[in-house]
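A.B. asks: First the structure, then my questions, so here it is.
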Amino acid sequence: MPGRLARILTASLRLLPTSATAMGTPNSPPVYSLTRLKRWSWTDHELPPVERIKAIHVYDFDNTLFASPLPNRDIWHGSAIGKLSSPDALAGGGWWHCSAFLAATGRGAVVEEKHAWQGWWNEQMVKLVRMSADQKEALSVMLTGRAEPEFARLIRRMTQSKGLDFDMFCLKPGVGPLGQNFNSTIDFKVTLLKDIMCTYKNADEIRVYEDRQRQCVYGRSQCCSSTYHPSALTSAC
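With mature numbering (1 follows the signal peptide of the UniProt record, and there is no 0) applied, the sequence shown corresponds to residues -20 to -1, 1 to 217, in that order.
This is how it looks when you write it as structure tokens:
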């Protein structure tokens, strides 16, 4: 495993009590429900009752929970690495869009699965995920901008091999549950986070573990309104 895992950031919002229609419009307030929220999750996990949840814990996958491989800078020129990140770089998609690259991690998925991808996990994050699962008043969410059709089964195999369980297992869908189209990963994440916060309206805190500071800051600013009071952005590890 490469000896690198990005510094993980915790975007923490301290939430005040709010109604389930806080983010709607006066003319057509949205109706938030567990049925609606469950459509975001790839697995068929039953969501916990709204009244039970007091905290929301969200875990990014790439380079937060798992040390996802990157193009080798000793082999690829900087400009080539940029092109590889494009979804149109190769016939099967770019580095972050084709599951073959992630499946080739280490000795390949067939071998690595037998050993739970040992050495590729951020063990501090793994401990936090397990603590979240044991905390009955917390909703645990795995959230990644990887495309659901291409990556859901592979990432599920990876997390299951490690014995990690989440209430919600969310990847970016081709189209959102309400027909939304997402221009970027952060747009998808913000939309889902708002749905989670408005559904679990009794929660007084949400923690988002993310390796990219820009996404933490932008996501926090978009999720905050007069109802949501952000705390400082802090380092988690």
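Backbone N, C-alpha and C fix where the C-beta goes; we use that ideal spot for every residue, glycine too.
Below 8 Å CB to CB, which residues in the same chain sit around Ser79 once its five sequence neighbours on both sides are set aside?
C.D. replies: Glu130, Phe131, Leu134
A.B. asks: How long is the line joining the alpha carbons of Ala89 and Arg32, rounded to whole angstroms?
C.D. replies: 37 Å
A.B. asks: Which residue from Asn182, Asp175, Arg187 puts its Cα closest to that of Val11?
C.D. replies: Of the candidates Asn182, Asp175, Arg187, the one whose C-alpha sits nearest the C-alpha of Val11 is Asp175.
A.B. asks: Using a threshold of 9 Å, state whether the C-beta atoms of Ile36 and Arg136 are closer than that.
C.D. replies: no
A.B. asks: Near Thr165, what residues of its chain come up, given a Cβ to Cβ distance below 6 Å and the 5 sequence neighbours on each side ignored?
C.D. replies: Gly125
A.B. asks: Look at the alpha carbon of Pro153 and the alpha carbon of Phe81, and state the distance between them as a whole number of angstroms.
C.D. replies: Computed Cα separation, rounded: 20 Å.
A.B. asks: Can you give, in chain order, each stretch of the beta strand (DSSP E) that sits fully within the region 121 to 172 and has at least 3 residues?
C.D. replies: 148 to 152
A.B. asks: Measuring only the C-alpha atoms, how far is Phe146 from Asn163?
C.D. replies: 26 Å
A.B. asks: For Ser112, which residues in the same chain have their Cβ closer than 7 Å to its Cβ, ignoring the five residues on either side in sequence?
C.D. replies: His37, Ala118, Ser120
A.B. asks: Grab the span of the beta strand (DSSP E) containing Ala84 for me, first residue to last.
C.D. replies: Looking at the DSSP string, Ala84 is not in any beta strand (DSSP E), and its letter there is neither H nor E.
A.B. asks: Specify the secondary structure class of Ile186 as computed by DSSP and reduced to three states.
C.D. replies: strand
A.B. asks: Quick check: what's the CA-CA separation for His95 versus Arg87?
C.D. replies: 11 Å
A.B. asks: Starting from Asp40, trace the beta strand (DSSP E) both ways and give me its first and last residue.
C.D. replies: 35 to 40
A.B. asks: Since I believe Val109 is in contact with Tyr39 (beta carbons under 8 Å), could you give me their beta-carbon distance rounded to a whole number of angstroms?
C.D. replies: 6 Å
A.B. asks: Around the Cβ of Asn116, are there at least 16 other Cβ atoms within 10 angstroms (buried) or fewer (exposed)?
C.D. replies: Correcting the residue identity first, residue 116 is Lys in this sequence and not Asn. Exposed, because fewer than 16 other Cβ atoms sit within 10 Å of the Cβ of Lys116.
A.B. asks: For a test of the three-state rule: what should DSSP assign to Leu17, helix, strand or coil?
C.D. replies: helix
A.B. asks: Got a sec, what are the start and stop residues for the alpha helix (DSSP H) Leu108 sits in?
C.D. replies: Element bounds for Leu108: 103 to 114.
A.B. asks: Taking all protein chains shown into account, do 16 or more other C-beta atoms lie within 10 angstroms of the C-beta of Asp42, making it buried, or fewer, making it exposed?
C.D. replies: buried
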